[in-house]
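Below is one structure, written out as structure tokens; comments come after it.
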Amino acid sequence: MKFPRLLRLALLLLPLAGALLLTACHRDAPPFKLTNISGHMPDLQFQLTDDNGNAVSAADYRGKVLLLYFGYTHCPDVCPLTLAQLHVTLQKLGKPGDDVRILFVSVDPARDTPAVLHAYVNAFDKRAVGLTGSPRAIEALSKRYRSAFTREPSGKDGNYEVTHSSAIYVFDRDGRARVLSTPGTPQDDLVHDLQLLLGAGTSA
Amino acid sequence: MKRVVLPLLFAGLLGTGLAHAAPGHVTASHAWIRVLPGDLPAGAYVILRNDSDRAVSLTGASSPAYGEAMLHESSSAGGMNRMTMVDALGIPAHGTQALKPGGYHLMLMHAKHPVQPGDTVRVVLEFGDGSTLPVDFTARPANALDDGR
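Protein chains in written order, with this note's numbering: chain Z, 1 to 204; chain C, 1001 to 1149.
Here it is in structure tokens:
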């Protein structure tokens, strides 16, 4: 009677041991579900103005897991969809999601003043930050991540669209680029990877 | 049961007064607007159903609540998001066409009065055969993902 019980216990523990072994093996490379860009993209760096009108740099967000997304407020469809999806993603994370910031960088600084951005990002999530600045500063950040944007010709009423990259860059608490999320990526994959990055502890 | 009855009721309500306006037998459901703060343009979404034997095309829209309404398509190619004007959007015979986030949508610009989540906004859809279909859209918060029904 005793032997089978021991055997059962061993069988029960086997997967746990396996999991521990896996964790040990992957300590240096977390098993991300999204495209791993660790070491392939530079650390976060910028000098911009936040939606409260304050001058900010990447250092101001150290300690937070960051979601960097380029867009503009006059974009009625894709930008709001992306921000709404990110809001749902953060809700799924529960309390730890409060350690995440969505950095919405305007590729339309001519129209996106801090005040416009403030109302806009807060309509989606209180953990979203709107960033704007000089065209040069925005272009520098965009180029840093091989992102691109182009202002399309104005319509008869002066309105114009901005074609822009759709990727979301995810940074860890130390401002290091870790994964890339693109439209069509399953939401749960982003939730999974954010949990990994949030679980990595506060190193800042 | 509830799920089946509601759209039917909705379609029925639309059908009664509008039989003459939309000879193509087009009905609308799940109509909603994503309201953004200030005077930012809003995206409007709807599912159109064509119960006739002939294809119908949506060619435009107007709304008493907005200065301008345009039919657009968002597309994503090579990692870039682009928005283009659409002249006509086909709804196949006995088929449906969805205007949904990230694809076809109406862009509503210059609200005449601030639109708040929860409001009902009338939008008149225009079709290639000259017919029109007034549809009541539900205004939803910026971070909504669908019509909430």
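Glycine included, every Cβ here is placed at the ideal spot set by N, Cα and C.
Just so you know, these numbers come straight off a predicted model, no measurement behind them.
When C-beta atoms of the region 138 to 151 of chain Z are compared with those of the region 164 to 180 of chain Z, three or more pairs fall below 8 Å, so the two segments count as touching. For residue 60 (chain Z), the three-state secondary structure derived from DSSP is helix.
Following the DSSP letters along the chain, one finds residue 187 (chain Z) inside the alpha helix (DSSP H) bounded by residues 187 to 199. Between residue 1090 (chain C) and chain Z, the shortest Cβ-Cβ separation is not below 9 Å.
Near chain C, meaning a CB-to-CB distance below 7 Å, the residues of the region 161 to 173 of chain Z are 161, 163, 164, 165, 166, 167. In the same chain as residue 125 (chain Z), and ignoring 5 residues on each side of it, the C-beta atoms closer than 8 Å to its own belong to 83, 86, 87, 90, 102, in chain order.
Partner residues in the beta bridge of residue 71 (chain Z), as assigned by DSSP, are Z:106. Residue burial annotation: residue 178 (chain Z) is buried, with at least 16 other C-beta atoms found within 10 angstroms of its C-beta.
The beta carbon of residue 1082 (chain C) is closer than 8 Å to those of 1074, 1075, 1076 in its chain, skipping five residues each way along the sequence. Residue-level contact check: residue 179 (chain Z) does not touch chain C, since none of the beta carbons of chain C fall below 9 Å from its beta carbon. Collapsing the DSSP output to three states places residue 1025 (chain C) in coil. If you keep only unbroken alpha helix (DSSP H) runs of at least 4 residues inside the region 1092 to 1129 of chain C, you get nothing at all. Comparing alpha carbon positions, the residue from Z:95, Z:196, Z:131, Z:135 closest to residue 61 (chain Z) is Z:131. For residue 1109 (chain C), the number of other beta carbons within 10 angstroms of its own is at least 16, and it is reported as buried.
Contact note: residue 40 (chain Z) does not reach chain C at a C-beta cutoff of 9 Å; the least C-beta distance is about 15 Å. In this structure, the straight-line span from the alpha carbon of residue 68 (chain Z) to that of residue 95 (chain Z) is close to 20 Å. Between the region 1140 to 1147 of chain C and the region 1027 to 1045 of chain C, the count of Cβ pairs shorter than 8 Å is three or higher; the stretches touch. Three or more beta-carbon pairs separated by less than 8 Å link the region 1058 to 1071 of chain C to the region 1125 to 1134 of chain C, which places the two stretches in contact. Per DSSP, reduced to three states, the secondary structure at residue 1077 (chain C) is strand. Between residue 1070 (chain C) and residue 1107 (chain C), the alpha-carbon positions lie close to 5 Å from each other.
Taking a 10 Å sphere around the C-beta of residue 57 (chain Z), we find fewer than 16 other C-beta atoms and assign the residue as exposed. Shown here, residue 96 (chain Z) sits in a helix according to DSSP, grouped into three states. Contact with chain Z is absent for residue 1050 (chain C), since none of that chain's Cβ atoms lies less than 9 Å from the residue's Cβ. A Cβ-Cβ separation of about 7 Å places residue 137 (chain Z) in contact with residue 46 (chain Z) under the 8 Å criterion. The contact set of residue 52 (chain Z) on chain C, defined by CB atoms closer than 7 Å, is empty, because the minimum CB distance reaches about 16 Å.
Annotation: the continuous beta strand (DSSP E) that includes residue 1134 (chain C) extends over 1132 to 1140. For the pair residue 99 (chain Z) and residue 65 (chain Z), the CB atoms are nearer than the 9 Å cut-off.
Under the Cβ distance rule, residue 1060 (chain C) does not count among the residues neighbouring chain Z, no pair being separated by less than 9 Å. Its chain contains 1025 as the residues whose beta carbon lies nearer than 6 Å to that of residue 1051 (chain C), once the 5 sequence neighbours on both sides are disregarded; these appear in chain order.
At a beta-carbon threshold of 9 Å, the residues of chain C lying near residue 125 (chain Z) are 1143, ordered along the chain. The beta carbons of residue 72 (chain Z) and residue 1036 (chain C) sit no closer together than 9 Å.
A Cβ-Cβ separation of about 12 Å leaves residue 1065 (chain C) out of contact with residue 1135 (chain C) under the 8 Å criterion.
Residue 1084 (chain C) sits exposed, since fewer than 16 C-beta atoms from the chains shown fall within 10 Å of its C-beta.
At least one CB atom of chain C sits nearer than 9 Å to the CB of residue 81 (chain Z). Judged by DSSP secondary structure, residue 136 (chain Z) falls within the alpha helix (DSSP H) whose first and last residues are 135 to 144. Annotation: the continuous beta strand (DSSP E) that includes residue 1050 (chain C) extends over 1042 to 1050.
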